[in-house]
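Written out below as structure tokens is the structure these notes cover.
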Amino acid sequence: SSRTARSEEDRDSLWDAWGSWSECSRTCGGGASYSLRRCLSSKTCEGRNIRYRTCSNVDCPPEAGDFRAQQCSAHNDVKYQGQVYEWLPVANDPDNPCSLKCQAKGTTLVVELAPKVLDGTRCYTESLDMCISGLCQIVGCDRQLGSAVKEDNCGVCNGDGSTCRLVRGQYKSQLSASKLEDTVVAIPYGSRHVRLVLKGPDHLYLETKTLQGVKGENSLSSTGSFLMDNSSIDFQKFPDKEILKISGPLTADFTVKIRYAGAADSSVQFIFYQPIIHRWRETDFFPCSASCGGGYQLTSAECFDLRSNRVVADQYCHYYPENIKPKPKLQECNLDPCPASDGYKQIMPYDLYHPLPRWESTPWTACSSSCGGGIQSRSVSCVEEDIQGHISPVEEWKCMYTPKMPVVQPCNIFDCPKWLAQEWSPCTVTCGQGLRYRVVLCIDHRGMHTGGCSPKTKPHIKEECIIPTPCYKPKEKLPVEAKLPWYKQAQELEEGAVVSEEPSFIPEAWSACSVTCGVGSQVRLVKCQVLLSFSQSVADLPIDECEGPKPVSQRACYSGPCSGEATEYNPEETDLMYGSLQEFDELYDWEYEGFTQCSESCAGGIQEAVVTCLNKQTREIVDEMLCITSRRPPQLLKACNLEPCPPR
Numbered sequence: 001s002s003r004t005a006r007s008e009e010d011r012d013s014l015w016d017a018w019g020s021w022s023e024c025s026r027t028c029g030g031g032a033s034y035s036l037r038r039c040l041s042s043k044t045c046e047g048r049n050i051r052y053r054t055c056s057n058v059d060c061p062p063e064a065g066d067f068r069a070q071q072c073s074a075h076n077d078v079k080y081q082g083q084v085y086e087w088l089p090v091a092n093d094p095d096n097p098c099s100l101k102c103q104a105k106g107t108t109l110v111v112e113l114a115p116k117v118l119d120g121t122r123c124y125t126e127s128l129d130m131c132i133s134g135l136c137q138i139v140g141c142d143r144q145l146g147s148a149v150k151e152d153n154c155g156v157c158n159g160d161g162s163t164c165r166l167v168r169g170q171y172k173s174q175l176s177a178s179k180l181e182d183t184v185v186a187i188p189y190g191s192r193h194v195r196l197v198l199k200g201p202d203h204l205y206l207e208t209k210t211l212q213g214v215k216g217e218n219s220l221s222s223t224g225s226f227l228m229d230n231s232s233i234d235f236q237k238f239p240d241k242e243i244l245k246i247s248g249p250l251t252a253d254f255t256v257k258i259r260y261a262g263a264a265d266s267s268v269q270f271i272f273y274q275p276i277i278h279r280w281r282e283t284d285f286f287p288c289s290a291s292c293g294g295g296y297q298l299t300s301a302e303c304f305d306l307r308s309n310r311v312v313a314d315q316y317c318h319y320y321p322e323n324i325k326p327k328p329k330l331q332e333c334n335l336d337p338c339p340a341s342d343g344y345k346q347i348m349p350y351d352l353y354h355p356l357p358r359w360e361s362t363p364w365t366a367c368s369s370s371c372g373g374g375i376q377s378r379s380v381s382c383v384e385e386d387i388q389g390h391i392s393p394v395e396e397w398k399c400m401y402t403p404k405m406p407v408v409q410p411c412n413i414f415d416c417p418k419w420l421a422q423e424w425s426p427c428t429v430t431c432g433q434g435l436r437y438r439v440v441l442c443i444d445h446r447g448m449h450t451g452g453c454s455p456k457t458k459p460h461i462k463e464e465c466i467i468p469t470p471c472y473k474p475k476e477k478l479p480v481e482a483k484l485p486w487y488k489q490a491q492e493l494e495e496g497a498v499v500s501e502e503p504s505f506i507p508e509a510w511s512a513c514s515v516t517c518g519v520g521s522q523v524r525l526v527k528c529q530v531l532l533s534f535s536q537s538v539a540d541l542p543i544d545e546c547e548g549p550k551p552v553s554q555r556a557c558y559s560g561p562c563s564g565e566a567t568e569y570n571p572e573e574t575d576l577m578y579g580s581l582q583e584f585d586e587l588y589d590w591e592y593e594g595f596t597q598c599s600e601s602c603a604g605g606i607q608e609a610v611v612t613c614l615n616k617q618t619r620e621i622v623d624e625m626l627c628i629t630s631r632r633p634p635q636l637l638k639a640c641n642l643e644p645c646p647p648r
């Protein structure tokens with residue numbers, strides 16, 4: 001290492017001292033300055049005889065224009081191939097970004113007017129890299145040559161991205177006869193890397209408002225790059241989409257709007273980085289808590305508006321989740337003993353003999369709601385304990401070195417019990433109109449069967465249903481005469497009742513008829529039962545726990561005529577036999593059983609419906625006398641064999 005150091009000294013000793021720095025190549029916008037040195041040896045010196053540095057690293061005023069454009073316009077008075085042109089810059093040449101290429105205005109003629117641009121010219125429009133002696137040199141955001149430091153998405157050099165937030169979203173147009181336009185998104189002052197893509201037949205346009213209140217508008221009618229309130233805007237217009245890009249930072253508040261132009265809907269996707277304009281700023285220390293004998297003082301934090309340079313309410317800083325309020329700092333103060341006239345106050349460690357002020361709270365109030373989310377509150381105050389242990393309230397700022405406990409919190413945020421309707425049962429009939437049923441349970445947030453649901457919102461447990469299959473009944477022109485008064489028009493399903501988690505009446509099977517012929521009675525047991533889901537067992541409940549009408553436990557039965565008995569019944573016997581069957585289907589009833597053969601083999605004949613008396617339980621054909629209490633269905637005829645007869 002010593003030999004290396006000596007060789008470097010010997011090498012540098014061959015050079016004269018560096019000369020003074022040259023005048024900057026630019027007065028603003030970032031230029032270059034150089035310094036020279038002379039080789040003192042007759043031999044070749046190692047190293048370079050020139051060095052560069054950046055200078056004039058202040059932004060140029062908007063009216064100054066582009067540095068490369070100034071160099072092109074300097075050739076406007078010089079004839080090229082016998083003709084004078086107005087030259088415009090050609091930027092971002094990937095092959096040779098440091099040559100001065102210009103395009104004749106209004107033509108496609110592109111000419112290299114100089115092999116290299118002036119020192120300090122940007123290599124590319126969106127980069128800080130600059131051309132020096134015809135070569136593109138890397139420049140960091142710190143404006144230093146050779147630096148690799150870059151800006152973060154917020155525009156802060158070597159930043160961590162904490163001073164802005166990414167905003168991403170999508171807008172979908174909703175056509176309305178009363179609306180011709182709508183707002184897509186508002187992009188605030190200082191935002192960067194703005195990009196919007198519209199897909200559809202509608203059109204974007206811009207409105208701006210500066211901090212001074214000056215308003216502007218641009219209809220974005222054609223593709224191109226342009227300035228709007230000193231913000232450079234790149235807009236591309238295609239038949240089916242539009243693309244808007246703004247590098248930023250925006251120098252005004254921008255509002256992107258959409259103007260409806262077609263019957264189809266459009267969508268707009270947008271993304272940009274929004275600056276956090278409200279940030280916490282630490283305050284100075286508050287006054288000392290004691291004038292002598294040792295006290296303490298704290299700092300706090302205030303919300304500061306970076307645009308208006310003024311303090312605002314804390315809620316503005318709480319809006320940004322990235323903003324973390326700094327904790328207060330605590331320090332001791334006024335440690336000198338108190339004067340003798342005030343008595344001597346011994347200085348003792350705060351953490352042992354003189355506890356710091358602290359937050360104290362009252363118990364939480366009862367929750368405002370038993371379910372579905374409520375709130376409860378409490379009081380929180382700052383208290384101080386003296387040496388004797390007496391506690392007294394003090395100003396809140398004395399406790400700000402620790403976060404204040406919340407005074408409101410949510411409670412009982414679980415869902416309230418709600419009705420859960422299960423699937424409908426099959427219809428009680430196979431043709432025509434009947435009923436169907438379902439089980440409705442009150443379920444809590446854990447999925448358990450419970451109470452607490454409002455009876456007013458309980459879904460109905462039965463409803464009418466219609467089976468499209470015809471019941472072979474004629475279409476009568478006159479109203480069908482009503483059946484006997486005791487006939488039940490719509491029988492509710494009770495056979496095969498299953499125990500569920502909702503208390504319900506469960507009837508057992510009917511007993512055998514009490515007689516072997518004639519009119520008797522049947523009985524059955526009806527229980528109120530519930531299924532216990534946690535044990536999958538059935539429990540008996542008091543009868544009053546079940547809702548709805550209780551099924552009957554006794555009914556009449558008829559076992560056919562006794563031997564030698566007349567089959568004629570007077571009205572009193574009929575009432576005795578069937579009066580208690582009002583809540584059940586008839587045991588015997590008329591039913592159609594197909595049709596007779598057609599009366600003709602061709603040219604149109606008639607078929608007559610065959611009517612039989614059936615036992616509805618066994619489906620067996622019985623004596624017609626057993627159906628005397630049911631009205632015999634009307635004669636039903638239908639045409640048949642309507643095709644013409646073949647010629648004889």
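Here the sequence shown is numbered in UniProt numbering, starting from 1 and rising by one per residue. Even glycine gets a Cβ: it sits at the ideal position worked out from N, Cα and C.
Hey, how far is the Cα of residue i from the Cα of residue j?
i: T365; j: R378; result: 6 Å
i: C154; j: D160; result: 9 Å
i: S247; j: V194; result: 6 Å
i: D59; j: Q71; result: 18 Å
i: E572; j: D589; result: Its pLDDT being 46, under 50, E572 is placed unreliably in this model, and the coordinates cannot settle the point.
i: P239; j: G65; result: 33 Å
i: K483; j: P561; result: Confidence at K483 is low in this model, with a pLDDT of 35, below 50, so the placement of that residue is unreliable and no value is reported for it.
i: D351; j: D415; result: Here D351 scores only 42 on pLDDT, less than 50, and its place in the model should not be relied on; the value that follows carries that caveat. Going from the Cα of D351 to the Cα of D415 covers about 46 Å.
i: I506; j: V380; result: 58 Å
i: I413; j: C333; result: 47 Å
i: P62; j: D229; result: 10 Å
i: I543; j: Y437; result: 21 Å
i: T362; j: D234; result: 60 Å
Specify the secondary structure class of residue i as computed by DSSP and reduced to three states.
i: W510; result: coil
i: Q71; result: helix
i: H445; result: coil
i: K105; result: coil
i: C471; result: coil
i: E476; result: Reliability fails at E476, whose pLDDT of 43 lies under 50, so the model's placement of it is uncertain and the value that follows must be treated cautiously. Three-state DSSP puts E476 in coil, outside helix and strand.
i: S361; result: strand
i: L484; result: Note that L484 scores 32 on pLDDT, short of 50, meaning its location in the model is unreliable; the coordinates nonetheless yield the value given after this. L484: coil per DSSP, three-state reduction.
i: C627; result: helix
i: I543; result: helix
i: Q315; result: helix
i: residue 657; result: The question about residue 657 has no answer, for the chain in this structure spans 1 to 648.
i: W397; result: helix
i: T457; result: helix
Among residues of its own chain, excluding the 5 on either side of residue i, which ones have a beta-carbon nearer than 6 Å to its beta-carbon?
i: D253; result: P188, Y189 and K209
i: I466; result: Q433
i: E476; result: Bear in mind that the predicted position of E476 carries a pLDDT of just 43, short of 50, making it too unreliable to give a figure here.
Check whether the Cβ atoms of residue i and residue j lie closer than 8 Å to each other.
i: P275; j: T163; result: yes
i: S56; j: C39; result: no
i: V622; j: Y592; result: no
i: C442; j: G434; result: no
i: F67; j: T121; result: yes
i: E503; j: C471; result: Residue identity differs from the one stated: residue 503 is Pro in this sequence, not Glu. Not in contact: P503 and C471 (Cβ atoms no closer than 8 Å).
i: E302; j: R281; result: yes
i: C102; j: V111; result: yes
i: C640; j: Q607; result: yes
i: V408; j: I375; result: yes
i: K327; j: Y273; result: no
i: S559; j: C517; result: yes
Can you give me the Cβ contacts of residue i inside the same chain, cut-off strictly under 8 Å, excluding the 5 residues immediately before and after it?
i: P287; result: Q297
i: K179; result: Y260
Does the beta carbon of residue i come closer than 8 Å to any beta carbon on chain D?
i: I543; result: The structure shown contains no chain D, having only a single protein chain.
Identify which residue in the options has its Cα closest to the Cα of residue i.
i: S231; options: S368, E217 and C411; result: E217
i: K418; options: Y401, P410, P406 and H449; result: H449
i: E464; options: C471, C427 and C431; result: C427
i: A114; options: C513, S73 and I271; result: S73
i: S42; options: W15, T469, E547 and C338; result: W15
i: C45; options: T255, S13 and R26; result: S13
i: K398; options: L637, G372, E360 and C131; result: E360
Go through its chain and collect everything with a Cβ distance to residue i's Cβ below 7 Å, but skip five positions before and after it.
i: K241; result: V197, L198 and K199
i: S392; result: V383 and E384
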